[in-house]
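For reference, the structure discussed in these notes is given below.
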Amino acid sequence: MSGTDPAVVPPSRFSLRDLASESVAGLFARPARMVLTALGTVLGVAALVATLGLAKTAGNQIVSRFDELAATSVAVEPADSGFGFDGRPRLSTLPWDAEQRLTRLNGVVAAATRSDVDTGGALVRSVPIVDPLGLTEHQIPVVAGSPGLLAAVRGELRTGRFFDAGHNERGDAVAVIGPGVAATLNIDRVDNLPAIFVGDQAIAVIGILDDVRRDPALLNAIIVPDGFARGRLGLDAPASVQIDTEVGAARLIGEQAPLALDPNSPERLRASVPPEPRATRAGVEEDVNALFLILGGVSLLVGALGIANVTLVSVMERRGEIGLRRALGATRRHVATQFVVESAALGLLGGLIGTSIGILVTVGYSATRDWSPVLDPWLPFAAPLLGGVIGLVAGLYPSWRAATTEPIAALRSTA
6 MSGTDPAVVP
16 PSRFSLRDLA
26 SESVAGLFAR
36 PARMVLTALG
46 TVLGVAALVA
56 TLGLAKTAGN
66 QIVSRFDELA
76 ATSVAVEPAD
86 SGFGFDGRPR
96 LSTLPWDAEQ
106 RLTRLNGVVA
116 AATRSDVDTG
126 GALVRSVPIV
136 DPLGLTEHQI
146 PVVAGSPGLL
156 AAVRGELRTG
166 RFFDAGHNER
176 GDAVAVIGPG
186 VAATLNIDRV
196 DNLPAIFVGD
206 QAIAVIGILD
216 DVRRDPALLN
226 AIIVPDGFAR
236 GRLGLDAPAS
246 VQIDTEVGAA
256 RLIGEQAPLA
266 LDPNSPERLR
276 ASVPPEPRAT
286 RAGVEEDVNA
296 LFLILGGVSL
306 LVGALGIANV
316 TLVSVMERRG
326 EIGLRRALGA
336 TRRHVATQFV
346 VESAALGLLG
356 GLIGTSIGIL
366 VTVGYSATRD
376 WSPVLDPWLP
386 FAAPLLGGVI
396 GLVAGLYPSW
406 RAATTEPIAA
416 LRSTA
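In this note's numbering, the protein residues as written are 6 to 420.
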């Protein structure tokens, strides 16, 4: 039998090129509607990207500040080394020249000895005459340290100066007092070298602290040189060593310091090093993400509902087009695929724009705070795909409605 049977309809052919051109034509038929529809996805993805970026940046910044204080602080103290004949724990002793030994190590910014001095309950006063009523006498702690103590504890002076190596070597009776002590003893200037008395010991005040970023107990203490505490106050040996290190060098210094201070028996000294800051960074990111990811998720939900609603309206408005395509041989799969592709493309476009906005927000805010922006490398690629998936899911129901539309009913509704 020759010729073509008119009763046989050839199968419909709908290439990828046709699908792409028809989807683009459908999207740009109403540009204003397309922009407004994609706006929800743009805001949602932008919120997510900005949230993740700012959370990671803030976590990194907080950890950096943590590194500058806690993560750069190493303390060395004598460890228990058995028991003596009297049954008491026998402790090793720190050398008086601990500061000089430690500052030779690479990675040490500053180091100093620090000891709480036992004054035997001696009261402190700022007048030479003993007050019988005790109204001008106070119980104030006395701390002995080496000249590098101010730098090791990140301290700042309000006025005056800190004692130096000369004061320490000579055992001069000089002191630097904290602001709390200055207020208690009514000392606000040191240009006339005011004297304070620890029991019967007269000490000249040469400086007043303003702030201490590390070891705040010094704000309410009297700080004297090791040489004076050793010769006049009966200090046998330094109680501890405070070390300020460069960022990232704390663990190495914690291993090297006992060997530098006691080469023969480094195990008799105990070094306290800061914990790993990764847990801090993870905690900060988790707290910030938990709050703002909810807002980003709500924005994405609104965007998905917007795409679904507009796509469904588009299906209703294009019933005549759908009916004509079906009458010309387009299958339900073809119609459904076209609308799914349109909604997915709309979500992908919104995801691309939202990702760009989110990155710009992260970088811009970091610049205003003088931070270094930090983004996960996968985020710029995953966020647009998320927008595309949202558009795809949002277009499933409208595409199903379009595919189930009967050609006759669609053409009649537009007649």
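Beta carbons: idealized from backbone N, C-alpha and C, even for Gly.
With DSSP as the reference, label Q66 as helix, strand or coil. DSSP, read as helix, strand or coil, puts Q66 in helix.
For S371 and T62, believed in contact at Cβ under 8 Å, the rounded distance: That pair is a contact at about 5 Å.
What are the start and end residues of the beta strand (DSSP E) that includes A276? Its beta strand (DSSP E) spans residues L274 to S277.
Taking G212 as part of the beta strand (DSSP E), name the residues at either end of that continuous run. Boundaries of the beta strand (DSSP E) harbouring G212: Q206 to V217, taken from the DSSP string.
6 Å CB neighbourhood of H143 in its chain, flanking five on each side removed: Around H143: V129 and T189.
Starting from S348, trace the alpha helix (DSSP H) both ways and give me its first and last residue. Taken as a continuous stretch (DSSP letters only), the alpha helix (DSSP H) holding S348 covers R337 to T373.
Rounded to a whole number of angstroms, what is the C-alpha to C-alpha distance between A388 and L357? For A388 and L357, the distance between alpha carbons rounds to 8 Å.
Helix, strand or coil: which one does DSSP assign to G232? Assignment of G232 by DSSP, reduced to helix, strand and coil, places it in the helix class.
Would you identify the three-state DSSP class for P83, choosing helix, strand or coil? Under the three-state reduction of DSSP, P83 is assigned to strand.
Could you tell me whether the region 199-211 touches the region 151-164, using the rule of 3 or more Cβ pairs below 8 Å? No: fewer than three Cβ pairs fall under 8 Å.
I248 versus L110: straight-line alpha-carbon distance, rounded: Cα-Cα distance, rounded: 11 Å.
Contact belief for G58 with G363 at Cβ below 8 Å, rounded distance in angstroms: Their Cβ separation, rounded to whole angstroms, is 6 Å, which keeps G58 and G363 in contact under 8 Å.
Taking a contact to mean a Cβ-Cβ separation below 9 Å, would you say N173 touches D231 in this structure? Yes, these two residues count as a Cβ contact at 9 Å.
Measuring CA to CA, which of A407, A244, A234 and R337 is closest to V179? For V179, the nearest C-alpha among the options comes from A234.
Grab the span of the alpha helix (DSSP H) containing F386 for me, first residue to last. First-last of the alpha helix (DSSP H) with F386: L384 to A399.
With DSSP run on the structure shown, which of helix, strand or coil describes A244? Looking at A244 - three-state DSSP - the assignment turns out to be coil, as it is neither helix nor strand.
Pick out whichever of A127, V122, V217 and V366 has its Cα sitting closest to the Cα of G239. Of the listed residues, the one whose Cα sits closest to G239 is V122.
Under a Cβ-count criterion, where at least 16 other Cβ atoms within 10 Å of its own Cβ denotes burial, should R175 be classed as buried or exposed? Residue environment analysis places R175 among the exposed positions, since fewer than 16 neighbouring C-beta atoms fall within 10 angstroms of its C-beta.
Tell me, which residues are paired with I182 by DSSP? Beta-bridge pairing by DSSP links I182 to I213 and I227.
Would you report the Cα separation of V81 and P221, rounded to the nearest angstrom? So the alpha carbons of these two residues sit roughly 18 Å apart.
For A244, verify whether its CB is less than 8 Å away from any heavy atom of the ligand ADP. The ligand content of the structure shown is nil, which means the ligand ADP is not present either.
CA-to-CA distance, S361 to L99, given in whole angstroms: If I take the Cα positions, the gap works out to 58 Å.
Residues of its chain near G259, where Cβ-Cβ distance is below 6 Å and the 5 sequence neighbours each way are ignored: Cβ within range, chain order: V79, A276 and V278.
Less than 6 Å between C-beta atoms, sequence neighbours within five positions excluded: which residues of the same chain meet that for M6? For M6, the predicted model reports a pLDDT of 44, less than 50, meaning its position is unreliable; a value from the coordinates is still stated below. Closer than 6 Å at the Cβ level, and outside the excluded window around M6, lies no residue.
Backbone CA spacing between T409 and G369 [nearest angstrom]: CA-to-CA, the gap between T409 and G369 works out to about 48 Å.
For F386, count the other beta carbons within 10 Å of its own beta carbon; 16 or more makes it buried, fewer makes it exposed. Which is it? Answer is exposed; the Cβ neighbour count stays below 16.
Quick one: what does DSSP say T43 is sitting in, helix, strand or coil? According to the sequence provided, residue 43 is Ala. The question's Thr does not apply to it. Looking at A43 - three-state DSSP - the assignment turns out to be helix.
Quick check on T98: does DSSP put it in helix, strand or coil? T98 falls in the coil class under three-state DSSP.
Over what stretch of residues does the beta strand (DSSP E) that includes A116 continue unbroken? Element bounds for A116: V113 to V122.
Buried or exposed: where does L317 fall if 16 or more other Cβ atoms within 10 Å of its Cβ makes it buried? By the C-beta density criterion, L317 is buried, having at least 16 other C-beta atoms within 10 angstroms.
Own chain, CB closer than 6 Å to E161, minus 5 neighbours either side, in chain order: D215 and D216, listed in sequence order.
Could you give the first and the last residue of the continuous beta strand (DSSP E) run that contains R163? Element bounds for R163: G160 to G165.
Under three-state DSSP, which class holds A200? Strand, per DSSP.
Pull up the DSSP beta-bridge partners for T250, would you. V113, per the DSSP bridge assignment.
Output yes or no for whether 9 Å exceeds the beta carbon distance between V50 and G359. A contact, by the Cβ cut-off of 9 Å.
Give me the DSSP bridge partner(s) of P143. First, the amino acid is wrong: residue 143 is His here, not Pro. H143 is bridged by DSSP to V129.
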